[in-house]
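K.L.:
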Ligand code: UDP
Ligand code: MG
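Numbering (UniProt numbering), first residue to last: 1 to 322.
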C-alpha cells in the first residue's frame, strides 16, 4: 500500500499550526481508513528556523502522536530549502506531498493527487482554480511573472505554487539537481515522467501573516527568473547590438551635419546618448553581475540546509496504535 508523507515547511507558524496539524491528522486517518494510504503514513513538519514557539509545538505533536514527525533546521534557510530538506528526509515514503502550513491550499486535493498517482502519474501539480482570495496586486504581479517567464523560454505551471505530489522515483531523479539557487516549481517540470495537475480553490490564510512580504516575493521572482533562464543575458547582448546600430546612424547623421556646416547645435545629441548609454550600460553590468553572483554561490557548493534535529517516530507507533 502507498506510504504517504506530507511535507509542511513552517516559519513562525505558531498561530496556525494546531489547526493545520488537526486537519492533516484527520485527513490521514480518513485516507488510512479508506485504504488509500498505509497506516505508517505521516506528516513531516519542517521548522525553518522559526523564532516563535513553532518547534516546541512540533515536538509536542510528535510526542503525542508518532504520525507527526519534525525536522528542525539550524536557522532560516528559506521556503525552498526547507521544502528540499523535508523531501530529502521523507524518502522512505512512496509519495510525498508538499503543502504550506497556512491551509490556503485545499487539503481535499490530496485525495485527487493520490488518485492520479494510482493511475501512474509520478508528479501531480496542485493548481489554483481561481485566485479571488489573493489581492489584485498579488494576482497582477503573478500574472506578469508567468508571462515574463514564458517570454524567457521557461515553461512553468500556471497558478501552481509548491503544493504538489512527487513520487519516490521522481524525487530520486530530483536529487541529481545539485544547484544552490532553488526554484522548485520551475525545476520539477524539467524532470519529465508522467505529469498532471489537479485543481482546487485557494483559500485565505487561516491564521498568522504571510511570510512572503513584497520584497521577499520580488526577490523570489527574480531568483526564479535568473535561475531558470539565461535569456536576460541574451537581452543584454541584443540591446547592445541595437544601440550599436543606432550609434552608426548617429555617426552618419553627424558626418552629414558636419559636411553641410551645421555643426554647433549639438548639445542635445551629445547629452541624450550619454544618459541613454550610461543607463543601459549600468543596467547590463548589473544584470551580468547578478549572474556572476549566482555562479559564485553555486561554485561554493554550500549546504542547502543544515539539520539540527530530526524527530522521526517508530513506524509501529503510527496512527493505528495511537
Ligand atoms: N516559509 C518557510 N520559510 C520562509 C518563509 C516561508 O518555510 O523563510 C513557509 C511558510 O511557513 C509557509 C510557506 O512557506 O508554510 C508559504 O509561506 P506563506 O504562506 O507565508 O506565503 P504566501 O502564501 O503568503 O505566498
Ligand atoms: Mg500562504
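The beta-carbon is built from N, C-alpha and C at its ideal position, and this holds for glycine as well.
Treat the numbers as computed from the prediction; the structure is a model and nothing was measured.
Can the beta-carbon of residue 28 be found less than 8 Å from the beta-carbon of residue 95?
P.N.:
The sequence position of residue 28 within the chain shown is 28, counting from 1. The sequence position of residue 95 within the chain shown is 95, counting from 1. No. Outside cutoff.
K.L.:
Any contact of the segment 41-58 with the segment 71-80, i.e. 3+ C-beta pairs under 8 Å?
P.N.:
Yes, they touch.
K.L.:
In three-state DSSP terms, what is residue 321?
P.N.:
Counting from 1 along the chain shown, the entry for residue 321 is found at position 321. In this prediction, residue 321 scores a pLDDT of 41, lower than 50, which makes its location untrustworthy; no coordinate-derived value is stated.
K.L.:
Looking at the structure shown, is residue 325 part of a helix, part of a strand, or coil, going by DSSP?
P.N.:
Residue 325 lies beyond the stretch modelled for the chain, which goes from 1 to 322, so this question has no answer here.
K.L.:
Which residues does DSSP list as the beta-bridge partners of residue 96?
P.N.:
Working through the chain shown from its first residue, we reach residue 96 at position 96. DSSP lists 5 and 166 as partners of residue 96.
K.L.:
Using only alpha-carbon positions, find the residue among 243, 128, 102 and 220 that is nearest to residue 278.
P.N.:
Here residue 278 is taken as the residue at index 278 of the chain shown, counted from 1. The option with the nearest alpha carbon to residue 278 is 243.
K.L.:
Please report how far the alpha carbon of residue 59 lies from the alpha carbon of residue 41, in whole angstroms.
P.N.:
The residue you call residue 59 lines up with position 59 of the chain shown. The residue you call residue 41 lines up with position 41 of the chain shown. Approximately 18 Å, taken between the alpha carbons.
K.L.:
Closest to residue 157 by C-alpha separation, out of 134, 139 and 196, would be which residue?
P.N.:
The sequence position of residue 157 within the chain shown is 157, counting from 1. The residue with the shortest Cα to Cα distance from residue 157 is 196.
K.L.:
Please confirm if the segment 168-182 is in contact with the segment 196-216, defined as three or more CB-CB distances below 8 Å between the two stretches.
P.N.:
In short, these stretches do not touch, since the Cβ pair count stays below three.
K.L.:
Looking only at its chain, what residues have a beta carbon closer than 7 Å to the beta carbon of residue 83, apart from the 5 residues adjacent to it on each side?
P.N.:
For the purposes of this step, residue 83 is taken as the residue at position 83 of the chain shown. These residues qualify, in order along the chain: 7, 9, 98, 162 and 184.
K.L.:
Check whether the Cβ of residue 104 sits closer than 7 Å to any heavy atom of the ligand MG, and report yes or no.
P.N.:
Taking the first residue of the chain shown as position 1, residue 104 is located at position 104. Yes, the ligand MG has a heavy atom inside 7 Å of this Cβ.
K.L.:
On the three-state DSSP scale, how would you describe residue 79?
P.N.:
The residue you call residue 79 lines up with position 79 of the chain shown. Reduced to three states, the DSSP call for residue 79 is helix.
K.L.:
What's the gap between the Cα of residue 332 and the Cα of residue 144?
P.N.:
An answer regarding residue 332 cannot be provided, because it is not within the stretch 1 to 322 covered by the chain.
K.L.:
Taking 7 Å as the line, does the beta carbon of residue 100 fall inside it for any heavy atom of the ligand MG?
P.N.:
On the chain shown, position 100 is the one that residue 100 refers to. Yes - the ligand MG has a heavy atom lying nearer than 7 Å to the Cβ of residue 100.
K.L.:
Go through the segment 84-138 residue by residue and report every complete run of the alpha helix (DSSP H) that reaches 4 residues or more, in order.
P.N.:
With a minimum length of 4 residues, the continuous alpha helix (DSSP H) runs that stay inside the segment 84-138 are 109-118.
K.L.:
What residue range does the alpha helix (DSSP H) around residue 47 cover?
P.N.:
Residue mapping note: residue 47 aligns to position 47 of the chain shown, counting from 1. Run containing residue 47: none in the alpha helix (DSSP H); it sits in the beta strand (DSSP E), 42-47.
K.L.:
Do residue 205 and the ligand MG come close, with the Cβ less than 7 Å from some heavy atom?
P.N.:
For the purposes of this step, residue 205 is taken as the residue at position 205 of the chain shown. Result yes, Cβ under 7 Å from the ligand MG.
K.L.:
Counting C-beta neighbours from all protein chains within 10 Å, is the total for residue 86 16 or more, i.e. buried, or is it exposed?
P.N.:
Reading the chain shown from its first residue, position 86 is the one you call residue 86. Flag for residue 86 reads buried.
K.L.:
Measuring alpha carbon to alpha carbon, tell me which residue in 123, 140 and 160 is nearest residue 100.
P.N.:
By 1-based counting over the chain shown, the position of residue 100 is 100. Residue 160 is the option with its Cα nearest to residue 100.
K.L.:
Within 10 Å of its beta-carbon, does residue 30 have 16 or more other beta-carbons around it, so buried, or fewer, so exposed?
P.N.:
Mapped onto the chain shown, residue 30 falls at position 30. With fewer than 16 Cβ atoms within 10 Å of its Cβ, residue 30 is classed as exposed.
K.L.:
Is the segment 231-243 close to the segment 126-138, with three or more CB pairs under 8 Å?
P.N.:
With the cut-off at 8 Å, the segment 231-243 and the segment 126-138 do not touch.
K.L.:
When we look at the beta-carbon of residue 12 and count the other beta-carbons within 10 Å, is it buried (16 or more) or exposed?
P.N.:
As a working mapping, residue 12 is identified with position 12 in the chain shown. So residue 12 counts as buried.
K.L.:
Comparing C-alpha positions only, which one of 302, 288, 15 and 251 sits nearest to residue 51?
P.N.:
Within the chain shown, numbered from 1, the residue matching residue 51 stands at position 51. Closest by alpha carbon: 15.
K.L.:
Buried or exposed: which applies to residue 113, given that a residue is buried once 16 or more other Cβ atoms fall within 10 Å of its Cβ?
P.N.:
By one-based count along the chain shown, residue 113 stands at place 113. Its Cβ being crowded by 16 or more others within 10 Å, residue 113 is buried.
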